[in-house]
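Each remark here refers to the structure printed beneath this line.
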Amino acid sequence: MRSRSNSGVRLDGYARLIQQTILCHQNPVTGLLPASKEQRDAWVRDNVYSILAVWGLGMAYRKNADRDEDKAKAYELEQSVVKLMRGILQCMLRQVGKVEKFKHTQSTIDCLHAKYNTATCSTIVGDDQWGHLQVDATSLFLLCLAQMTTAGLHIVFTLDEVAFIQNLVFYIEAAYKVADYGMWERGDKTNQGIPELNASSVGMAKAALEAIDELDLFGARGGPKSVIHVLPDDVEHCQSILYSMLPRASTSKEIDAGLLSIISYPAFAVEDMALVNLTKNEIITKLQGRYGCCRFLRDGYKTPREDPSRLHYDSTELKLFENIECEWPVFWTYLVIDGVFNGDTVQVQEYREALEGIIIRGKNGIHLIPELYAVPFNKIDEEYHNPHSVDRTPLGKLPHMWGQSLYILGSLLAEGFLAPGEIDPLNRRFSTAFKPDVVVQVCVVAESKEIQKKLMSNGIDVQSICDMRPTRVVPARILSHLYAKLGYNKAMKLSGRPYRHIGVLGTSKLYTIRNQIFTFTPQFTDQHHFYLALDSRMTVEMLRTELAYLTSCWRMTGRPTLTFPITHAMLDEDGSDIDPAIISTIRKLEDGYFGGARVKLGKLSDFFTTSFYTHLSFLDADCDDRLFDDVNEGFYSPDDDYEYELGISPEDQCEKRETHDELDQYINHLHQSVASTAHLPPTSNTSTSYQAFSALLSTRDILSMIAKTKGLEVQNSSLFLPAKNLKAHRRSLNLLEVPKLTQHQNHEAELNLPKDAQGNVDCSKLVDMLKECPTLQDQADILYILCVIKGLEWDTNLSGQSGVTVHNLLSELYNKAGLNREWGLIRYISGLLKKKVEVLAEACTDILSHQKQLTVGLPPEPREKTITTPLPPEELAALIYEASGEDISIAVLTQEIMLYLAMYVRSQPSLFGEMLRLRIGLIIQVMATELARSLNCTGEEASESLMSLSPFDMKNLLHHILSGKEFGVERSMRPIESSATSPAISIHEMGHTGVTKTERTGINKLRSEMKLMDRRLSSDDQFMYGHSVSSSIHSSRSTRCSSPSSPTGTLSPTGSNAPQLVFDDHQGQWLRRRRLDGAINRVPMGFYQKVWNVLQKCHGLSIDGYVLPSSTTRETKWRRLGKECELQFK
């Protein structure tokens, strides 16, 4: 028997240390580790961290083996790791139902538990009796599973377990919008059981998603069925939110030492080295003491002043813990490992020596890492006045297995038994390495031969979709359906990936499915979900944004390939040519740069060799699951709305051919789910004397009549019905005043609704009237009444066809209104159909992660709802519709404004300086007020004009209000033949001369005014064309007011028979600016700190009866945003 080498002796010493401190506690049946001898529960996070040292020592033995016994020891240690990881997997498998529910609800009571029974893998406390929702714990498990599998361990055994792991990926992929309890299980810093968005959870989820993507869980023995798939946009969302939060840990925590786990080992989630160093320096300077680092400021855990009998603290208790927070040695073990990975030997030596000074020597001299060091009770005051001056005593678990494991792992690395790459085989440590510039490949395709010819007439040569065969060009919504099949497992009742939109990173890859190449068009070009894609200028703006996004966020091998379709929705208003904004964009793409992004325009076939490919192996023909099995089970899709497919005429479609391929049949089935036959009669663009109902009646009268026939009570309905002929009740929406309950006389006789024999509304005759309606607005009126009386799913049997529901007809009408750019009507029908922005929850989270709060609904409370934490998409949409009440157009506009706010908070965060709460309802009111002042009109007229703004102009108006820039508003007079119901409003920035771009054209404006006056004085004034009147924002103080414009946009005289063109001097600018700042809650620089300083000197502040007590200053620092919001006086 040969003697042991020095390295072998050292490894034997670490083996004894691990056996006596960690493995001796491992349950022989489940493999789980209890927290300590006293606490027998097994925490997921603690178990994973505790086994890392065992994994590392096993690799060290295998690497440095000089005897057969060493190889046997390596295998023994590795199997202990496998046993623990499988024990955690068994715990989670027993809660498979919660994984399925949480994918859809993201509720704190539907999540996986944070701790389990060590002996049985069963749960130990109720769903609502612990802060179970800890996304970082589940993410850490997946991250280490990926690293260990890559290193050669075989942890996952069956395809059922593979499906479960895939669903765990879906469980954590929405981490960027999930408020959880964090790694300390307490949630909000006040420890009152309030979940919040935590940077540690978002960062760990991002790392886990990146690590497990395209990983074969069976290792070298696996195949396509055992590969895990992750969508890159989910990873990027996590990174975006993480960057917006750091170095802050959450809304309530300024800094948290737990962030060390995401800026360094094991996550390496941050790619910006400057941000990594900033966060690490914040932790060291603010949290480090003589015995380690405290978890966060004013952490009361195990301090002498904490009451251990209570799970939660009182609201004003945090001040008691200041300067006496317990210090945790575990964070120094992170810094040792961090130093090894960074090659910083000074840091490694410094923290190893510091650890040697605080280690507890146990039996036989073994080194034990205590959980924490606390201030003795009799020295609280001394420590409070002189921080870090008092000798502390060890408390809590001994050893703290989490810290003990990282201490041993750090020692193995520092002493050269392990190389960094051995515990990081996926090379996550290189996340901060330099990345080359990205060139985005753009392929412009024509939706049809007709579009192709129109582009050719403009000198642009592109392929049509048919020309690109056999390569398939498919909308992104189809990819969402295909990914819904991923992870489906009937035996375990797992539905697979919830139906969610696919971002531009996902659609910029080429896909190989069953030996076919697929390219997917971006979601923002698909008008079937939300109406923003119907506005060509908005589409161009979103293209600019997405190209910049691809340039900065693309991390995959190869170049991104964006397929940009030119559709019928991008034609100009008369449909004769492509919108000039689209033509201009294509020409800019040809130049090689667009919006600061480097692009290369070409045919898709030119990009095959340089693009990134993903093989969707779960859709292969030999897979057990058939595509058509339970096609609608387990997920919801907006495509279930049976929208009316526009833009592709039968003659333009590719040649139809019979196919027996199941994938082709499935994709055709999905295409057909959004296509239907036209049922509504064609409409006329010219005025007509036809009137469905009396124009003397208001919307409230119609609603009251309908409600009476149904035995319901519907009062004070302020719905916006933008129709041309019913103009007397079209402007019932007035955003500038709070509606009051009023009694309306019964206009049943004037309403002229058809009645049946019992005196009720005859809906069948209403359907007959629908066939005769010559305009979209009249059709909308009748469909609205049918919707109120019968509901969306009522079968109208229009033209004798069954299955033609009110929902189908509204969807068809929505698409027709889209072609006519009827934005008011589009928003109104969207409200009736309860449409939702695809990225609504993501937009909300973007705003919240920038330390802002949101309110929806018009003030005052309780109608106005406050949002302080991320919400699931369905819950958020329901809250918006609830807050909007009967104003369904406001509900849709609220979503639109929220989306724009998120765009600006990401790209121009300076716009939101000194703003803590964004009140969307109030912002909408301000927008309407500005239009009323600019156009010199009534509140109802301004509200109608606001609703009729195109999405692009709506976004511009919002930007001008947020930025404080002066702007002008133009009302463009449409010809009488136009089908639009309200004048087009456009927003223009005013230059240094105080005039808009149109006004700077001078002579053209003067000619237009002269023509207007001549035509208004003539008897043929109804035939005016193409005139525009610019009214400056500064005419707001004028006492003169123009009457509401006619439905066609003609200008009515004010106060006399002659027209008056009013151009007032700049007046009331400061009053207007103060009103704007008050509405958007913008305060002076340093306001909150100064108020906080005042409160320290007095008992409180009273403003208009609302008292802010000085106790606020004792609860927290002024910088804490959650408490700053209390300073927003009512």
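Note that the sequence shown covers residues 1 to 1130 in the UniProt record's numbering.
Beta carbons: idealized from backbone N, C-alpha and C, even for Gly.
At least one CB of chain B closer than 8 Å to the CB of residue i: is that the case?
i, result
"residue 204", "In the structure shown, chain B cannot be found, because there is only a single protein chain."
Report the rounded CA-to-CA distance for residue i versus residue j, giving the unit in angstroms.
i, j, result
"residue 1110", "residue 270", "39 Å"
"residue 722", "residue 1084", "Low per-residue confidence applies at residue 722: pLDDT is 37, beneath 50, and the placement is therefore not dependable, though the value from the model is reported in the following sentence. Each residue's alpha carbon lies about 40 Å from the other."
"residue 596", "residue 390", "56 Å"
"residue 133", "residue 667", "37 Å"
"residue 194", "residue 36", "27 Å"
"residue 417", "residue 282", "31 Å"
"residue 191", "residue 185", "9 Å"
"residue 1131", "residue 328", "Absent from the structure is residue 1131, since the part of the chain shown begins at 1 and ends at 1130."
"residue 319", "residue 189", "12 Å"
"residue 248", "residue 173", "21 Å"
"residue 111", "residue 987", "47 Å"
"residue 349", "residue 292", "15 Å"
"residue 385", "residue 356", "28 Å"
"residue 548", "residue 504", "11 Å"
"residue 160", "residue 124", "26 Å"
Quick one: is residue i buried, meaning 16 or more other Cβ sit within 10 Å of its Cβ, or exposed?
i, result
"residue 842", "buried"
"residue 234", "buried"
"residue 313", "buried"
"residue 1138", "Any property of residue 1138 remains undetermined from this structure, which presents the chain solely from 1 to 1130."
"residue 817", "buried"
"residue 486", "buried"
"residue 353", "exposed"
"residue 80", "buried"
"residue 343", "exposed"
"residue 226", "buried"
"residue 1087", "exposed"
"residue 584", "exposed"
"residue 6", "exposed"
Are the Cβ atoms of residue i and residue j separated by less than 8 Å?
i, j, result
"residue 296", "residue 255", "yes"
"residue 78", "residue 56", "no"
"residue 325", "residue 299", "yes"
"residue 955", "residue 900", "yes"
"residue 331", "residue 443", "no"
"residue 126", "residue 181", "no"
"residue 850", "residue 909", "yes"
"residue 582", "residue 536", "yes"
"residue 259", "residue 285", "no"
With respect to 7 Å, is the separation between the Cβ of residue i and the closest non-hydrogen atom of the ligand GTP below this value?
i, result
"residue 887", "Looking at this structure, you won't find the ligand GTP or any other ligand, since it has none at all."
Please confirm if the region 926–935 is in contact with the region 868–878, defined as three or more CB-CB distances below 8 Å between the two stretches.
no
When you compare the region 387–395 with the region 360–371, are there three or more beta-carbon pairs, one atom per stretch, that lie closer than 8 Å?
yes
Give, in chain order, every unbroken run of the alpha helix (DSSP H) that is at least 4 residues long and sits entirely within the region 225–283.
Within the region 225–283, the complete alpha helix (DSSP H) segments at least 4 residues long are 232–245 and 260–263, listed from N- to C-terminus.
Please go through the region 840–876 and give each complete beta strand (DSSP E) segment of 3 or more residues, from N-terminal end onward.
Counting whole runs of 3 or more residues, the region 840–876 contains the beta strand (DSSP E) stretches 853–856 and 865–867.
Check whether the region 117–133 and the region 34–41 touch, using three or more Cβ-Cβ pairs below 8 Å as the test.
yes
Is it true that the region 407–426 meets the region 535–543, where meeting means three or more beta-carbon pairs spaced less than 8 Å apart?
no
Restricting to runs no shorter than 4 residues, where is the alpha helix (DSSP H) found entirely within the region 484–528?
504–507
Runs of 4 residues minimum, wholly inside the region 788–830: which ones carry the alpha helix (DSSP H) assignment?
806–819
I'd like the ranges of any alpha helix (DSSP H) spanning at least 4 consecutive residues and lying wholly in the region 542–600.
580–590
For the region 940–957 against the region 872–883, are there 3 or more C-beta pairs whose distance is under 8 Å?
no
Quick test of the definition: if touching needs 3 or more C-beta pairs under 8 Å, does the region 559–569 touch the region 605–617?
yes
For the region 127–198, which segments carrying the alpha helix (DSSP H) assignment without a break, of at least 4 residues, lie completely within its bounds, in sequence order?
135–150 and 159–172
Please go through the region 910–961 and give each complete alpha helix (DSSP H) segment of 4 or more residues, from N-terminal end onward.
920–935 and 939–947
Any chance you could list the beta strand (DSSP E) runs of at least 3 consecutive residues sitting entirely within the region 22–54, in chain order?
41–43
I'd like to know if the region 474–488 and the region 143–154 are in contact, where contact means that at least 3 CB-CB pairs between them fall below 8 Å.
no
Can we say the region 518–536 touches the region 195–203, given the rule of at least three CB pairs closer than 8 Å?
No, the region 518–536 does not touch the region 195–203.
So, does the region 59–76 touch the region 9–16, judging by three or more C-beta pairs under 8 Å?
Three or more beta-carbon pairs drawn from the region 59–76 and the region 9–16 are found closer than 8 Å, and the two stretches are therefore classed as touching.
Closer than 8 Å is the cut-off here; do at least three beta carbon pairs connect the region 589–604 with the region 436–452?
yes
Touching or not, the region 499–517 and the region 805–822, by the rule of three or more beta carbon pairs under 8 Å?
These segments do not touch.
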